[in-house]
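In our numbering, the protein residues as written are 192 to 388. Don't be surprised by glycine CBs; every beta carbon is placed ideally from N, CA and C. What follows is a single structure, written as structure tokens, with notes after it.
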Amino acid sequence: MAKNSFFCIDGHTCGNPVRLVAGGGPLLKGSTMMERRAHFLAEYDWIRTGLMFEPRGHDVMSGSILYPPTREDCDIAILFIETSGCLPMCGHGTIGTVTFAVEHGLIKPKTPGMLRLDTPAGVVVAEYSQVGDYVEEVRITNVPSFLYAEALTVECPGLGEISVDVAYGGNFYAIVEPQKNYRDMADHSAGDLIAWS
């Protein structure tokens, strides 16, 4: 039986967990982070499920793996892993990754207080302030956001037809406004919302 070891740093971003894989991540093929993400999903998704799901993780676990950047204008590349998949971008994961990587000396920024991050979604800029050895705050400038589709009709089990807008901000999101079959989130359980997503 093959054995694999991963060096991880666990922490919290505003109370939610982030696991940074700082060593042991697989070498990935691809000239962009989106290509590397595809290679990871095709051959190494077992790493994501092994590190994010129980018994080593749990249902709200987020993580990231550091790589050399594919772009010369970036300091580091990040591959985001979590229980829901391998996302092109994760704001929560970016803040945690920058914090842990700077505090543990895993990244040497070209510009003090700022990192240019090569992500599958594109270049994300993280500005951070540091007091001593600790990062006090991280502010990110994400990839451009836009409305992708408007007023799409979706058949949703338990609700019927609902109208959604689809927006992009590093990932695609469905936006649901109050309407005939969906008045408000408070009318439904968390389990319902998860099932519909």
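Hey, quick one: how far does the beta strand (DSSP E) through residue i stretch, first residue to last?
| i | result |
| --- | --- |
| Glu294 | Element bounds for Glu294: not the beta strand (DSSP E) but the alpha helix (DSSP H), Gly282 to Glu294. |
| Phe337 | Phe337 to Cys347 |
| Ala152 | Limits of the chain in this structure are 192 at one end and 388 at the other, which puts residue 152 out of reach. |
| Val357 | Gly351 to Tyr359 |
| His249 | No beta strand (DSSP E) holds His249; DSSP gives it neither H nor E. |
| Ile331 | Tyr325 to Thr332 |
| Arg307 | Met305 to Thr310 |
| Gly202 | Phe198 to Thr204 |
| Ile298 | Here Ile298 belongs to no beta strand (DSSP E), and DSSP marks it neither H nor E. |
| Ala365 | Phe363 to Ile366 |
Between the C-alpha atoms of residue i and residue j, what's the straight-line distance to the nearest angstrom?
| i | j | result |
| --- | --- | --- |
| Met305 | Val316 | 7 Å |
| Ala268 | Arg307 | 9 Å |
| Cys277 | Lys220 | 16 Å |
| Met192 | Gly323 | Unreliable positioning characterises Met192 in this predicted model, as indicated by a pLDDT of 46, which lies under 50. A coordinate reading is not provided. |
| Val293 | Asp266 | 12 Å |
| Asp353 | His203 | Position check: residue 353 holds Ile in this sequence, whereas Asp was assumed. Each residue's Cα considered, the two are about 36 Å apart. |
| Asn362 | Thr261 | 20 Å |
| Glu328 | Pro300 | 16 Å |
| Val338 | Tyr325 | A small fix is needed here, since residue 338 is Leu in this sequence, not Val. Roughly 37 Å between the two C-alpha positions. |
| Ser222 | Ile298 | 21 Å |
| Cys205 | Ile331 | 15 Å |
| Ile385 | His379 | 10 Å |
| Gln370 | Ser275 | 28 Å |
| Cys347 | Ala340 | 18 Å |
| Glu318 | Tyr258 | 19 Å |
| Val367 | Ala377 | 13 Å |
| Thr240 | His249 | 10 Å |
| Arg374 | Gly360 | 25 Å |
| Asp383 | Asp309 | 35 Å |
| Thr302 | Val345 | 46 Å |
| Val314 | Asp264 | 9 Å |
| Ile238 | Gly214 | 12 Å |
My guess is that residue i and residue j are in contact by the Cβ rule of under 8 Å, so how many angstroms apart are they, rounded?
| i | j | result |
| --- | --- | --- |
| Ser336 | Ala358 | 7 Å |
| Val212 | Phe197 | 5 Å |
| Ile200 | His295 | 6 Å |
| Met280 | Asn195 | With a Cβ gap of about 26 Å, Met280 and Asn195 do not count as contacting. |
| Leu343 | Asn372 | With 8 Å as the limit, Leu343 and Asn372 do not qualify as a contact, their Cβ atoms being about 14 Å apart. |
| Leu246 | Tyr235 | In the sequence as presented, Leu is not what sits at residue 246; that position holds Pro. Incorrect: roughly 20 Å between the Cβ atoms, too far for contact. |
| Pro311 | Met243 | About 17 Å; that fails the 8 Å criterion. |
Since residue i is in the alpha helix (DSSP H), which residue starts that stretch and which ends it?
| i | result |
| --- | --- |
| Glu263 | Neither: Glu263 is in no alpha helix (DSSP H) and is coded neither H nor E. |
| Leu278 | Taken as a continuous stretch (DSSP letters only), Leu278 belongs to no alpha helix (DSSP H), as it is neither H nor E. |
| Ile211 | The sequence shown places Leu at residue 211, rather than the Ile named in the question. Premise fails: Leu211 lies in the beta strand (DSSP E), Asn207 to Gly214, not in any alpha helix (DSSP H). |
| Asp236 | Asp236 to Met243 |
| Ala386 | Ala381 to Trp387 |
Give a yes or no on contact between the stretch 280-290 and the stretch 252-260, applying the rule of three or more CB pairs nearer than 8 Å. At 8 Å Cβ cutoff, the stretches touch.
Per the contact definition of three or more C-beta pairs closer than 8 Å, is the stretch 225-235 in contact with the stretch 268-279? Yes: the two stretches touch, three or more of their Cβ pairs being nearer than 8 Å.
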